[in-house]
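Those sequence lines, one after another, are chains D and G.
For the first sequence, position 74 matches number 74 in my numbering, and the numbering has no gaps at all.
For the second sequence, position 16 matches number 16 in my numbering, and the numbering has no gaps at all.
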Amino acid sequence: MLTPTDLLFGIVVPFALSALILSIAWRPWRRTGAMPALWGGPVASGLAFVSTFAVLQGPRHVLAPASAILWLFYIGLGFTLLGVIDALFRLPQVIRGTVVFVAAGAAAALLLRFNFANQTWDALHGAVWLGGIAAVAVIWWASFEQAATGGAITGPLAMGAFSGVSGLIVALLVEQTTGQALGAMAIAFIVAIALVAWSRRASVERGTAMVLAGVGACALAGEYFISSLPIQYILLIAVAPLTLWIGRIPAIRRRRPWLRVVIQMVVLLIPLGIAAGMAVVQAKNDATMGSDPYMSLA
Amino acid sequence: MKFRFPSVMLSAIAVGLFAVAPARAADSYKIDPVHATAIFRISHLGSSFVYGRFDDVGGTFTVDEQKPDDVSLDVTIKADSVDTNNAARDKHLKSADFFSANEFPTLTFKSTAVKSDGDKKYDVTGDLTIHGVTQSVTAKVDFVGTFDGTSMKMGVRAGYEAHLTIKRSDFGMDKLVGLVGDEVQLTVSLEGVRQ
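This is the structure:
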């Protein structure tokens with residue numbers, strides 16, 4: 001159930017914040033002169049997540065957080081900073097990938113360290129899981145980055161669909177706040193889609209994919225380990241970004257740009273759509289007394 | 001021919017021994033999960049109360065009829081046993097929005113001080129840990145009674161019932177406060193078997 005606070009800080013504020021940041025960075029009304037700044041994407045998407053998460057979680061963001069999920073606030077800030085650095089400095093691809101791997105692994109270790117404390121994981125078990133989460137973050141980063149460089153509108157469309165569906169599934173099935181924060185990222189990407197369509201020169205290349213991959217991998221890993229989000233949803237979400245590589249197949253790359261975008265989005269939405277549909281059905285089944293247990297008797 | 005001591009005679013001797021055994025200083029009891037109940041009540045939209053329960057309650061307590069102030073309670077409740085008769089709500093309650101049950105698998109209460117106010121009623125102060133946050137709270141506890149079921153192989157049993165009101169926000173669980181009440185009334189009924 002969405003309260004007025006949820007609507008304000010989960011939708012209105014991220015929309016306004018993203019519009020302001022992206023307008024300053026991209027100046028979409030300018031047709032000539034300096035190219036739009038690439039830092040806009042990571043700042044807008046990262047702050048959309050962080051601001052929504054911070055406000056809806058309440059004033060509990062102290063180091064070290066009392067609850068594991070609260071680490072997502074700092075993880076969001078950290079990846080936003082990394083995204084801005086990635087946007088400002090042209091680093092070699094190998095270094096960028098290594099940064100994503102190390103940062104995602106470290107962030108996941110902070111988020112999931114209770115598994116060591118509770119003795120659910122031993123050192124080897126933990127290393128395998130953390131390495132796996134970091135590897136997924138790298139694969140997602142590479143997939144979204146190549147989609148963003150392959151076509152200006154493809155990047156924000158793919159990232160928006162990915163973050164939006166992930167947020168929907170998390171909010172419907174397990175935990176509302178992180179779901180809304182991921183949804184706030186999707187709102188930032190909706191703003192980006194509109195401004196990219198207007199500007200034709202703006203882009204979410206470099207930096208934005210790093211924010212989404214790092215925050216997304218940690219958020220979904222957190223939902224799996226903390227809130228028991230079923231594994232089938234994680235797997236469907238995890239494979240979705242891989243479908244974006246279809247745009248690299250020569251037969252598709254030769255198509256007109258708009259057709260290439262349509263093909264990429266349709267293929268991307270197959271696993272995401274299946275996951276979203278399953279989540280809606282599951283949520284309806286779970287709420288045996290109505291669509292929302294908090295309102296079922298209202 | 002092998003002599004077999006009749007089990008009835010064994011039982012009779014056992015009952016006799018227990019009947020004449022002197023009262024122990026403080027008897028320790030292990031909570032019987034089948035006969036232990038933890039229920040809670042919380043306001044919904046300010047217009048009604050929703051009740052829930054935890055299905056897995058365990059721990060130990062002591063009973064000392066000579067020194068009632070020496071009783072102690074050590075109760076552990078599994079967070080993922082929360083049951084509000086609605087699967088979606090239970091999942092949400094187990095998630096990071098509320099109990100974060102995988103991260104904080106248990107709710108615990110360990111008594112630190114007991115004040116008897118007569119008639120087998122106690123004010124039991126103790127450390128209550130929920131969602132990883134520990135607060136000192138005082139519960140109203142009634143000693144319910146004892147039952148010697150030794151002859152029925154049920155052991156000697158005793159029980160308490162505790163009543164406590166807390167604010168969930170004090171334990172870092174403040175989601176949906178306003179729609180769902182902050183104040184939670186807990187009732188924990190414990191039956192233990194003497195060890």
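The beta carbon of each residue, even a glycine, is placed where N, CA and C say it ideally should be.
According to DSSP, G149 of chain G sits in a beta bridge with which residue or residues? For the purposes of this step, residue 149 of chain G is taken as the residue at position 149 of the second sequence. The partner list for G149 of chain G (beta bridge, DSSP) reads G:G155.
DSSP three-state call for K78 of chain G: helix, strand or coil? In the second sequence, the residue the question calls residue 78 of chain G occupies position 78. Three-state DSSP puts K78 of chain G in a strand.
Across which residues does DSSP place I31 of chain G in a beta bridge pair? If you number the second sequence from 1, residue 31 of chain G lands on position 31. Paired residue(s): G:G192.
Keeping to the same chain, check which residues put their C-beta closer than 8 angstroms to that of L63 of chain D; ignore five residues upstream and five downstream. For this step, residue 63 of chain D is matched to residue 63 along the first sequence. For L63 of chain D, where only same-chain residues beyond five positions count, the Cβ hits under 8 angstroms are Y74.
If the cut-off is 7 angstroms on Cβ atoms, which residues from the stretch 47-81 of chain D count as contacting chain G, listed in chain order? G58, R60, A66, S67, A68 and I69
If I measure Cβ to Cβ from E161 of chain G and keep anything under 8 angstroms in the same chain, skipping five residues before and after, which residues do I get? Indexing the second sequence from 1 puts residue 161 of chain G at position 161. Correct list, in chain order: V141, D142, V144, T187, V188, S189 and L190.
Output yes if chain G places a C-beta closer than 8 angstroms to the C-beta of E205 of chain D; else output no. On the first sequence, position 205 is the one that residue 205 of chain D refers to. No, its Cβ sits nowhere closer than 8 angstroms to a Cβ of chain G.
Residues bridged to S48 of chain G by DSSP? Within the second sequence, numbered from 1, the residue matching residue 48 of chain G stands at position 48. In the DSSP output, where bridge partners are listed per residue, S48 of chain G has G:H44.
For a contact defined as C-beta to C-beta under 7 angstroms, what are the partners of S95 of chain G on chain D? The residue you call residue 95 of chain G lines up with position 95 of the second sequence. The contacting residues are V174, E175 and S227.
In chain order, what residues of the same chain have a beta carbon less than 6 angstroms from the beta carbon of A101 of chain G, not counting five sequence neighbours either side? Counted from its first residue, the second sequence places residue 101 of chain G at position 101. Same-chain partners within the cutoff: A79, D80 and K94.
L179 of chain G CB to nearest chain D CB: under 8 angstroms? For the purposes of this step, residue 179 of chain G is taken as residue 179 along the second sequence, with counting starting at 1. So, interface residue.
Based on DSSP bridge pairs, tell me the residues matched to G110 of chain G. Residue numbering aside, residue 110 of chain G sits at position 110 when the second sequence is read from its first letter. Inspection of the sequence shows that residue 110 of chain G is occupied by Lys rather than by Gly. In DSSP, K110 of chain G forms a bridge with G:D74 and G:D127.
Identify which residue in D:I263, D:P4 and D:Q180 has its Cα closest to the Cα of L157 of chain D. Mapped onto the first sequence, residue 157 of chain D falls at position 157. The shortest C-alpha separation from L157 of chain D is found at D:I263.
Short of 7 angstroms in beta carbon distance, which residues of its chain neighbour T106 of chain G, apart from the five on each side in sequence? Order them along the chain. Position 106 of the second sequence, counted from the start, is the residue given in the question as residue 106 of chain G. So the qualifying residues of the chain are T76, I77, K78 and A79.
Assuming the contact rule is C-beta atoms closer than 8 angstroms, L22 of chain D and L195 of chain D should be a hit. Round their C-beta distance to whole Å, please. Locating residue 22 of chain D in the first sequence gives position 22, counting from the first residue. Locating residue 195 of chain D in the first sequence gives position 195, counting from the first residue. Confirmed, about 5 angstroms.
DSSP state of K121 of chain G mapped onto helix, strand, coil: By 1-based counting over the second sequence, the position of residue 121 of chain G is 121. K121 of chain G falls in the strand class under three-state DSSP.
S136 of chain G at chain D interface by Cβ criterion, 8 angstroms: Locating residue 136 of chain G in the second sequence gives position 136, where the first residue counts as 1. No, S136 of chain G lies away from the interface with chain D (no Cβ there is under 8 angstroms from its Cβ).
Could you pull out every residue in the same chain whose Cβ sits closer than 6 angstroms to the Cβ of R41 of chain G, ignoring the five residues on either side in sequence? What you label residue 41 of chain G is simply residue 41 of the second sequence in a count that begins at 1. So the list reads F49, Y51 and Q185, once near-sequence residues are dropped.
Check the C-beta distance from V57 of chain G over to A87 of chain G and give it rounded, since I have them as a contact under 8 angstroms. For the purposes of this step, residue 57 of chain G is identified with residue 57 of the second sequence, where counting begins at 1. For the purposes of this step, residue 87 of chain G is identified with residue 87 of the second sequence, where counting begins at 1. About 21 angstroms; that fails the 8 angstroms criterion.
Could you name each continuous beta strand (DSSP E) segment of 3 residues or more that falls completely within the stretch 132-189 of chain D, going from the start of the chain to the end? none
Residue nearest to T80 of chain D in terms of C-alpha spacing, selected from D:F225, D:V281 and D:M185: As a working mapping, residue 80 of chain D is identified with position 80 in the first sequence. For T80 of chain D, the nearest C-alpha among the options comes from D:M185.
With distances taken Cα to Cα, identify the nearest neighbour of T150 of chain G among G:V193, G:S169 and G:S116. As a working note, residue 150 of chain G is residue 150 in the second sequence. Closest by alpha carbon: G:V193.
Using a 10 Å radius around the Cβ and a threshold of 16 neighbouring Cβ atoms, would you call M159 of chain D buried or exposed? For the purposes of this step, residue 159 of chain D is identified with residue 159 of the first sequence, where counting begins at 1. It is buried - the Cβ of M159 of chain D has at least 16 other Cβ atoms within 10 Å.
Relative to the C-alpha of P250 of chain D, which candidate in D:I231, D:G150 and D:G214 has its C-alpha closest? As a first step, residue 250 of chain D is located in the first sequence; it is residue number 250 there, counting from the start. Selected option, being the one with the closest Cα: D:G150.
Going by the beta-carbon positions, is the gap between L173 of chain D and A283 of chain D smaller than 8 angstroms? Here residue 173 of chain D is taken as the residue at index 173 of the first sequence, counted from 1. Here residue 283 of chain D is taken as the residue at index 283 of the first sequence, counted from 1. Result yes, Cβ atoms of L173 of chain D and A283 of chain D sit closer than 8 angstroms.
For the candidate residues D:G41, D:A34 and D:F9, whose alpha-carbon lies nearest to that of T208 of chain D? Here residue 208 of chain D is taken as the residue at index 208 of the first sequence, counted from 1. Comparing Cα positions, the closest option is D:G41.
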